[in-house]
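Listed in order, the protein sequences are those of chains A and B.
For any residue, its number in this note's numbering is found by taking its place in the first sequence, counting from 1, and adding 1292.
For any residue, its number in this note's numbering is found by taking its place in the second sequence, counting from 1, and adding 7.
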Amino acid sequence: MDRRDFLKTAAGGACLLSLSNLRFGFERGSPVAAFPGPDAAWAEAPEALHEASYYEKRGHKEIQCHLCPRECIVGDQERGYCGARENQEGTYYTLVYDRPCTARPDPIEKKPFYHFHPRSMAYSIATPGCNMNCKYCQNWEISQVRPEQARSFLLTPRDCARQALDLGCLSVAYTYTEPVIFFEYMAACSLAARKAGLNNVMISAGFVKEQPLRDLLPHMDAVKIDLKAFSDRYYREVCRGRLEPVLEALKIIRQAGVWLEIVYLVLPTMNDDPKEIQALCAWIRKELGRDVPLHFSRFYPTYLMKNLPPTPVHTLERSKEIAHTEGLQYVYIGNVPGNPGENTICPRCGARLIHRTGYNIRIEALRGGKCSQCGLTIPGVWGNRPNKAAS
Amino acid sequence: MRPKTSRVVRVKTSLSSPERLLASTAVLRKMVEAGLLELTGAADPAEAWSRYLLPTDVVGIKVNCLGGRDMCTRPALAQATVESLQAFGLSPHRVLVWDRSSRELRRCGFSLNKQKKGEHLCFGTDEKGIGYEKELTVYGSLGSLYSTLLTRHTTAMINMPVLKDHGLCGLTASLKNIFGALHNPNKYHEDRCNPFIADAYSVPFVRKKHRLVICDALLVQYKGGPSFHPQWTAPLGSILLAEDPVALDSVCAGILDRLRARNGLPPIEKGGGVPAYIRTAADPGHHLGRYKSEQIDLREKVLQP
Ligand code: SF4
């Protein structure tokens, strides 16, 4: 897809005859951080209608969405699995275009990105809905609700970029829920962000069809993928997704040359088997390369998974050990502030390049993207300037 | 002792024009009351209602508005039921006609009433101050927030669905109507909605509040549902009543299959029979009712206008 086509996607209805913009007027709210419960205070607010991209009309007012591997077939007045898209009279609409429920600056390490502009801030936006349903979702109060059940506000792509700049952010992050389901809005915001000289970073489960992903990647500077497990059964039973499309997405992202980091949330007894971890690491080394950062993250009981204890730290340390044995070079432990597994270590000389304690970050033996002790080039996107100049 | 069969009553009218029937609250009330008498064996409608309700109950009539004005629970049927309930002794503000959203109710022709005295209430879960529970209900495969209209604001539920074919699960009638009480029904359309529908109906407070189903089969969507497609509708001029939602849905499956066969279409379930979620609802883990024809005491009444 060329830039013009991508612009069309951002404007809605890229795969179809374009419709006039059907958005209605809406009171401008204040774009403050919000994490509301689904108390449906939005009852009479006009809907945010914007024609969706990547769908096909099938006759008798039925459509099929091709944005993610679910490929929902949706009848008139119905919604897809994500709840963020609705068929109205045979035209498919995203209900969340320029209606984030959250917009706030976060440290980039919170995403987490450890090799992408450390210590910078990312203006982080999300809209309600998700195309999966992970039983341990920390953000289920916004990811597992319908748009009308969360408190949202108007934030145009231009205002999003302006806010990011005003707040001193280096990037705009599409995060918290699943940005794939607000694809059109993300596409429009990424164009505005680039124009303003900002980076774009996506935090996703990678459960997306190939074409939309390929169309999006030229506009992304970094992608973090939550790889839920290395077992299709786990994907189906715990997350209501599938493994294969995610592995494909990882390969595509890597091939596209966009900076990639992977997070693996370790659930005790569910996806922590050393054999599974070993197979995962072997796959990463073979298909993506040894230098893709891998974060083993600690689970805390929440949502529908309150019956498990938090991940024992030694399980995370064992997983990290396995990854190193398999040859991966940048392996981290997440959600355990103060654990030495948060630090970036030079794989050649062992120098501590970046010291982290939660969001306290100290650059130590890293100079110009190289280890200051042995001179090894450390993969990543370093410095404190955006990647690409404004176009 | 629990009877060995579940009674389902189908009331038909010989009124030829469906438009006239849909507009006639008087005829529909006669149908509801005739069905109630047949269902309960009571001598009069008040006695029949007293088998299910107390005058102190707050009764929620859960309608289904998803298909829009042309394929929803008809407002006249809800109105006929409300009038019958009032004759039984329920004061108007103890009856609430509800669904997911006020907007959908209005679109279907229901007159919203949030507080006006002397008339029954009618509004959706999305009204300010209503919404969904904050605590998840977890049951089997289900993890959802239920409408507070069901959990807090009413003490008894009359389930009033409309009979439609459903492309994803076979049919929608009484059991699936509970999806309209959940905050996330879109998450439960996989695997032909099985076992999600049965799980959603099995949670203790739904079982406790469920009293009766009055199913609108006046104009039936036998293909292309749940949305409205006029070319695939049949004016059946019927309503169905049952205490057992599984039995009622099983009878509805038969009705749809016969209509489909007449129109050269395959049965709703591949190979015939009732959809899987209905069988699940009857299994020992859910125990919501009976679906086998030999366990159903189907009674038909024809009402002369
Ligand atoms: S993006 Fe939403 S509607 Fe489209 S296929 Fe995925 S879950 Fe279904």
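Note that beta-carbon positions come from the ideal geometry of N, C-alpha and C, so glycine has one too.
Cβ shell of residue i (< 6 Å), same chain only, five flanking positions each side left out
{"i": "B:VAL16", "result": "GLY42, GLU45, LEU46, LEU248, ARG306"}
{"i": "A:PHE1327", "result": "Low local confidence applies: a pLDDT of 30 at A:PHE1327 is under 50, so the model's placement there is unreliable, with the coordinate-based value given in what follows. Closer than 6 Å at Cβ, skipping near neighbours: no residue."}
{"i": "B:TYR59", "result": "ARG218, LEU219"}
{"i": "A:MET1478", "result": "TYR1466, PRO1471"}
{"i": "B:LYS171", "result": "THR179, GLN228, GLY232, PRO233"}
{"i": "B:SER245", "result": "ARG17, LYS19, ALA224"}
{"i": "B:ILE204", "result": "LEU182, LYS183, TYR284"}
{"i": "A:ILE1434", "result": "CYS1393, PRO1420, ALA1442, THR1469"}
{"i": "A:ARG1640", "result": "CYS1666, LEU1668"}
{"i": "A:GLU1348", "result": "GLN1356"}
Rounded separation between residue i and residue j - CA only
{"i": "A:GLN1369", "j": "A:ALA1465", "result": "32 Å"}
{"i": "A:GLU1706", "j": "A:HIS1587", "result": "Nothing can be reported for residue 1706 of chain A: it is not among the residues displayed for chain A, which extend from 1293 to 1683."}
{"i": "B:PHE235", "j": "A:TRP1674", "result": "56 Å"}
{"i": "B:ALA288", "j": "B:GLU276", "result": "16 Å"}
{"i": "A:PHE1445", "j": "A:CYS1393", "result": "6 Å"}
{"i": "A:SER1416", "j": "A:LEU1459", "result": "11 Å"}
{"i": "A:ALA1456", "j": "A:SER1463", "result": "7 Å"}
{"i": "B:CYS79", "j": "B:GLY261", "result": "20 Å"}
{"i": "A:GLY1498", "j": "A:ARG1644", "result": "31 Å"}
{"i": "B:LYS121", "j": "B:LEU175", "result": "34 Å"}
{"i": "B:PHE212", "j": "B:THR158", "result": "7 Å"}
{"i": "B:LEU35", "j": "B:LEU28", "result": "7 Å"}
{"i": "A:CYS1531", "j": "A:ALA1521", "result": "10 Å"}
{"i": "A:ARG1454", "j": "A:ALA1488", "result": "8 Å"}
{"i": "B:THR12", "j": "B:GLY279", "result": "22 Å"}
{"i": "B:ARG199", "j": "B:ASN191", "result": "16 Å"}
{"i": "A:MET1494", "j": "A:SER1412", "result": "15 Å"}
{"i": "A:GLU1352", "j": "B:THR240", "result": "Checking the sequence shown, residue 1352 of chain A turns out to be His, not Glu. Answer to the nearest angstrom: the Cα atoms are 14 Å apart."}
{"i": "B:PRO168", "j": "A:ILE1355", "result": "25 Å"}
{"i": "A:ASN1379", "j": "A:CYS1364", "result": "11 Å"}
{"i": "A:ALA1325", "j": "A:GLU1476", "result": "For A:ALA1325, the predicted model reports a pLDDT of 32, less than 50, meaning its position is unreliable and no value from the coordinates is stated."}
{"i": "B:ARG297", "j": "B:PRO282", "result": "13 Å"}
{"i": "A:PRO1593", "j": "A:GLY1382", "result": "41 Å"}
{"i": "B:GLY136", "j": "B:HIS160", "result": "11 Å"}
{"i": "B:ARG101", "j": "B:PHE95", "result": "12 Å"}
{"i": "A:ALA1548", "j": "A:PRO1510", "result": "8 Å"}
{"i": "A:LEU1535", "j": "A:LEU1580", "result": "16 Å"}
Residue range of the unbroken alpha helix (DSSP H) whose run includes residue i
{"i": "A:VAL1437", "result": "Premise fails: A:VAL1437 is in no alpha helix (DSSP H) and is neither H nor E."}
{"i": "A:VAL1673", "result": "Per DSSP, A:VAL1673 belongs to no alpha helix (DSSP H) and is neither H nor E."}
{"i": "B:SER109", "result": "109–114"}
{"i": "B:GLY42", "result": "32–47"}
{"i": "A:PRO1449", "result": "1449–1458"}
{"i": "B:ASP264", "result": "252–269"}
{"i": "A:LYS1578", "result": "1566–1579"}
{"i": "A:GLU1609", "result": "1605–1617"}
{"i": "A:SER1589", "result": "Run containing A:SER1589: none in the alpha helix (DSSP H); it sits in the beta strand (DSSP E), 1586–1590."}
{"i": "B:PRO240", "result": "At residue 240 of chain B the sequence reads Thr, which differs from the Pro that was named. B:THR240 -> not in any alpha helix (DSSP H); beta strand (DSSP E) instead, spanning 240–249."}
{"i": "A:ARG1506", "result": "1502–1508"}
{"i": "B:ILE204", "result": "203–209"}
First and last residue of the uninterrupted beta strand (DSSP E) at residue i
{"i": "B:GLN228", "result": "217–228"}
{"i": "B:THR63", "result": "Segment: none, B:THR63 is in no beta strand (DSSP E) and carries neither H nor E."}
{"i": "A:PRO1397", "result": "1394–1399"}
{"i": "A:ALA1414", "result": "1413–1418"}
{"i": "B:TYR146", "result": "144–146"}
Nearest neighbour of residue i, chosen from the options [CA to CA]
{"i": "A:PRO1449", "options": "A:ALA1414, A:CYS1426, A:CYS1481, A:GLU1354", "result": "A:CYS1481"}
{"i": "B:ARG14", "options": "B:PRO282, B:VAL309, B:ASP256", "result": "B:ASP256"}
{"i": "B:PRO233", "options": "B:ARG76, B:LYS69, B:LYS37", "result": "B:ARG76"}
{"i": "A:ARG1396", "options": "A:GLU1634, A:MET1512, A:LEU1559, A:THR1467", "result": "A:THR1467"}
{"i": "A:ILE1569", "options": "A:LEU1596, A:ALA1615, A:LEU1542", "result": "A:ALA1615"}
{"i": "B:LYS216", "options": "B:GLN93, B:PRO192, B:GLU250", "result": "B:GLU250"}
{"i": "A:LEU1447", "options": "A:MET1413, A:THR1419, A:ARG1391, A:TYR1406", "result": "A:ARG1391"}
{"i": "B:LYS123", "options": "B:THR132, B:GLU142, B:LEU103", "result": "B:LEU103"}
{"i": "A:TYR1526", "options": "A:TYR1624, A:CYS1426, A:ASN1431", "result": "A:CYS1426"}
{"i": "A:LEU1596", "options": "B:VAL70, B:GLU142, B:PRO242, B:VAL65", "result": "B:GLU142"}
{"i": "A:PHE1408", "options": "A:TYR1651, A:THR1594, A:GLU1553", "result": "A:GLU1553"}
{"i": "B:ARG214", "options": "B:TYR195, B:LEU156, B:PRO252", "result": "B:PRO252"}
Cutoff 7 Å; reference residue i; Cβ partners in own chain excluding five residues on either side
{"i": "B:PRO82", "result": "CYS115, GLY116, PHE117"}
{"i": "A:GLY1619", "result": "ARG1577, ARG1582"}
{"i": "A:ILE1655", "result": "PRO1410, ILE1646"}
{"i": "A:LEU1505", "result": "ALA1541, ILE1544"}
Cut-off 8 Å between Cβ atoms - residues of its own chain near residue i, not counting five sequence neighbours on either side
{"i": "B:ASP206", "result": "TYR146, GLY147, SER148, LEU149, HIS293"}
{"i": "A:LEU1607", "result": "Here residue 1607 of chain A turns out to be Thr, not Leu, going by the sequence shown. Around A:THR1607: VAL1558, PRO1560, ASP1564."}
**Report entry** Lining residues of the ligand SF4 - beta-carbon closer than 6 Å to any non-hydrogen atom, in sequence order
**Finding:** A:CYS1357, A:LEU1359, A:CYS1360, A:ARG1362, A:GLU1363, A:CYS1364, A:GLY1372, A:TYR1373, A:CYS1374, A:ARG1377, A:ASN1423, A:ILE1473
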